[in-house]
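Visitor:
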Amino acid sequence: EAGVAQSPRYKIIEKRQSVAFWCNPISGHATLYWYQQILGQGPKLLIQFQNNGVVDDSQLPKDRFSAERLKGVDSTLKIQPAKLEDSAVYLCASSSHTGTYFGPGTRLTVL
Amino acid sequence: AQTVTQSQPEMSVQEAETVTLSCTYDTSESDYYLFWYKQPPSRQMILVIRQEAYKQQNATENRFSVNFQKAAKSFSLKISDSQLGDAAMYFCASDAGGTSYGKLTFGQGTILTVHP
Chain A
1 EAGVAQSPRY KIIEKRQSVA FWCNPISGHA TLYWYQQILG QGPKLLIQFQ
51 NNGVVDDSQL PKDRFSAERL KGVDSTLKIQ PAKLEDSAVY LCASSSHTGT
101 YFGPGTRLTV L
Chain B
1 AQTVTQSQPE MSVQEAETVT LSCTYDTSES DYYLFWYKQP PSRQMILVIR
51 QEAYKQQNAT ENRFSVNFQK AAKSFSLKIS DSQLGDAAMY FCASDAGGTS
101 YGKLTFGQGT ILTVHP
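As they're listed, the protein sequences go chains A and B. The numbering used here applies: residue 1 is where the first sequence begins, and numbers increase by one. The numbering used here applies: residue 1 is where the second sequence begins, and numbers increase by one.
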C-alpha cells in the first residue's frame, strides 16, 4: 500500500511571496489533514477534510492560508503572502480505522 | 478540548537496554484513542503504537509496549532492547474519537538518544 505523498519536499521563498503544497492521501482514505510543525514543537492541525468538504478549519489563518480538496482525493495548501513565522514543516496526513498516517512533509523556509 | 503533556524533553538509553517515555493527557471525552509517533531526522512521522481508551489491555508492538493508566490519564511508552535506529523524537498524541477520530493533539515531544 502506497503511503501519503507530498511535494515538494523542500521550498525556500522570500517573505510576501506565494507558495503551494500538494498532497495525495492513502488510497481509500476519506479524511485528510494538514498540520504545521514548527521546529522543536509537535504538529498542530491546520485543516481537516472529509471527502471534499471542510470539517474543521478553526486553526487555519484564513487571511493568508487556503486549502482545497476539489475531487475528494488530492489536496493543495497555499500560503499567500508568506511571513517569516510560516517557516515550518507542513505535514499532510490521512486516516482510517487503524490510525492516522503522515506524509514525508514539506519543509518551508521563508527568508 | 484535549491536552497532551510530555515532561521529558530528552532521554537517553544504552543500546539493548530498556527506556520508558512518559505522557499525560487530559480529555473530557469517554471514547478516545492514544498514540505514540516516532519522528527521525527525516521528519517523517511514523506510527509506533495505538491504544483504544475502552480497552484495558495495554497495546504491544514487538519491542514497543505501553502502560495505559486511564484513571491517572497516563500513557507511557516502553522500548525494550533499544536499538540505534530507535533514536528519534517521540510524540504522544490523542484524538477524541467519533467524528473527531484522526484529528490529533500532540505533546511537545521527547528526544531519545541511543548510545552504542
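Just so it is clear, CB atoms sit at the ideal spot from N, CA and C, and this is done for glycine as well.
1) Have a look at the DSSP bridge pairing and note the partners of S7 (chain B).
2) Using a beta-carbon distance cut-off of less than 9 Å, what residues from the region 72-96 of chain A approach chain B?
3) Kindly indicate if chain A contains any beta-carbon less than 8 Å away from that of Q2 (chain B).
4) Scan the region 98-111 of chain A for residues whose Cβ lies nearer than 9 Å to a Cβ of chain B and list them as they occur along the chain.
5) The beta strand (DSSP E) that contains C92 (chain A), what's its start and end?
6) Rounding to the nearest angstrom, what Cα-Cα distance links L84 (chain A) and K44 (chain A) in this structure?
7) I need the DSSP call for D26 (chain B), collapsed to helix, strand or coil.
8) With a threshold of 8 Å between beta carbons, is G53 (chain A) in contact with chain B?
9) If you count every other CB in all the chains shown that lies within 10 Å of the CB of L34 (chain B), and 16 or more means buried, which is it?
10) Please classify G102 (chain B): is it buried, with 16 or more other beta-carbons within 10 angstroms of its beta-carbon, or exposed?
11) Count the CB pairs spanning the region 7-20 of chain B and the region 25-35 of chain A that are closer than 8 Å, and state whether there are at least three.
12) With distances taken between CB atoms, is the gap from V114 (chain B) to L84 (chain B) smaller than 8 Å?
13) Within its chain, find whatever has a CB closer than 7 Å to the CB of A88 (chain A); leave out the 5 residues flanking it on each side and keep chain order.
14) Report the three-state DSSP secondary structure of G53 (chain A) (helix, strand or coil).
15) Please return the same chain residues whose Cβ sits closer than 7 Å to the Cβ of E29 (chain B), not counting the five positions on each side in sequence.
16) For Q41 (chain A), which residues in chain B fall below 9 Å Cβ to Cβ?
17) Taking C-beta pairs closer than 9 Å, name the residues in chain B that Y33 (chain A) reaches, listed in chain order.
18) Along the region 28-48 of chain B, where does the CB come closer than 9 Å to a CB of chain A? Name the residues.
19) Would you identify the three-state DSSP class for G85 (chain B), choosing helix, strand or coil?
20) Against R50 (chain B), what residues of chain A qualify as contacts under a CB-to-CB distance less than 7 Å, listed in chain order?
Guide: Let me spell this out:
1) Residue mapping note: residue 7 (chain B) aligns to position 7 of the second sequence, counting from 1. DSSP output for S7 (chain B) lists no bridge partner at all.
2) V89, L91, A93, S94, S95 and S96
3) As a working note, residue 2 (chain B) is residue 2 in the second sequence. So no, Q2 (chain B) is outside the interface.
4) T98, G99, T100, Y101, F102, G103, P104, G105 and R107
5) Counting from 1 along the first sequence, the entry for residue 92 (chain A) is found at position 92. Segment A88 to S96, the beta strand (DSSP E) holding C92 (chain A).
6) As a first step, residue 84 (chain A) is located in the first sequence; it is residue number 84 there, counting from the start. As a first step, residue 44 (chain A) is located in the first sequence; it is residue number 44 there, counting from the start. The straight-line gap from Cα to Cα measures roughly 18 Å.
7) Taking the first residue of the second sequence as 1, we reach residue 26 (chain B) at position 26. Strand, per DSSP.
8) The residue labelled residue 53 (chain A) in the question sits at position 53 within the first sequence. Not one chain B Cβ lies under 8 Å of G53 (chain A).
9) The residue given as residue 34 (chain B) occupies position 34 in the second sequence. L34 (chain B) should be labelled buried.
10) Sequence index remark: in the second sequence, residue 102 (chain B) carries index 102 (1-based). Classification for G102 (chain B): buried.
11) no
12) Taking the first residue of the second sequence as 1, we reach residue 114 (chain B) at position 114. Taking the first residue of the second sequence as 1, we reach residue 84 (chain B) at position 84. Taking 8 Å as the Cβ cut-off, V114 (chain B) and L84 (chain B) qualify as a contacting pair.
13) As a first step, residue 88 (chain A) must be located in the first sequence, where it is residue number 88. The residues are Q36, Q37, I38 and L108.
14) Here the question's residue 53 (chain A) lines up with position 53 in the first sequence. Of the three classes helix, strand and coil, the one that applies to G53 (chain A) here is strand, per DSSP.
15) For the purposes of this step, residue 29 (chain B) is identified with residue 29 of the second sequence, where counting begins at 1. Within the same chain, E29 (chain B) has close Cβ partners A96 and G97.
16) Here residue 41 (chain A) refers to the residue found at position 41 of the first sequence. Per Cβ cutoff of 9 Å: F106, Q108 and G109.
17) What you label residue 33 (chain A) is simply residue 33 of the first sequence in a count that begins at 1. Those are G102, K103 and L104, listed as they occur along chain B.
18) Y33, F35, Y37, Q39, S42, R43, Q44, M45, I46 and L47
19) For this step, residue 85 (chain B) is matched to residue 85 along the second sequence. Here G85 (chain B) sits in helix by DSSP.
20) Sequence index remark: in the second sequence, residue 50 (chain B) carries index 50 (1-based). Going along chain A in sequence order, the residues near R50 (chain B) (Cβ under 7 Å) are G99.
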